[in-house]
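Notes to accompany the following structure.
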Amino acid sequence: LGTEKWKKTVGGIGVDIGKSVKELAKGGDIISGTSTISNLSFDSILIKTDKKGNVSK
Numbered sequence: 011l012g013t014e015k016w017k018k019t020v021g022g023i024g025v026d027i028g029k030s031v032k033e034l035a036k037g038g039d040i041i042s043g044t045s046t047i048s049n050l051s052f053d054s055i056l057i058k059t060d061k062k063g064n065v066s067k
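Per my numbering, residue 11 is the first one in the sequence shown, and the count goes up by one each step.
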């Protein structure tokens with residue numbers, strides 16, 4: 011499963027679940043997953059982080 015590099019909490023009022031993590035060559039990660047909002051509606055999420063786990067824009 012790997013070694014934990016960092017731990018952060020991100021997301022909103024719904025249930026957000028990370029499904030896949032890809033390490034980037036220049037450092038940081040791309041995390042994909044789903045976000046559940048009202049009425050069991052699912053949205054896809056994609057988060058890019060720097061090597062310390064901070065969300066990049």
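Every residue, glycine too, gets a C-beta built ideally from N, C-alpha and C.
None of the values given here were measured: they were computed from a predicted structure.
Candidates the options: closest to residue i by CA position
i	options	result
Ile23	Val65, Leu56 and Ser45	Ser45
Ser48	Leu56, Val25 and Val31	Val25
Beta-bridge pairing of residue i - partner residues as DSSP gives them
i	result
Lys69	Not covered by the structure: residue 69. The range shown for the chain is 11 to 67.
Lys58	Ile40
Ile47	Ser51
Nearest-angstrom beta carbon gap, residue j and residue i [assumed within contact, 8 Å]
i	j	result
Lys58	Ser66	5 Å
Asp60	Gly43	Between Gly43 and Asp60 the Cβ distance is about 18 Å, and since that is not below 8 Å, they are no contact.
Residue i: CB within 6 Å of a non-hydrogen atom of the ligand FMN
i	result
Val31	You won't find the ligand FMN in this model; it holds no ligand whatsoever.
Residue-chain proximity (residue i, chain D), Cβ-Cβ < 7 Å
i	result
Asn49	This model lacks chain D altogether, as it is built from one protein chain only.
Cβ-based burial, residue i [other Cβ within 10 Å; buried from 16]
i	result
Ile27	exposed
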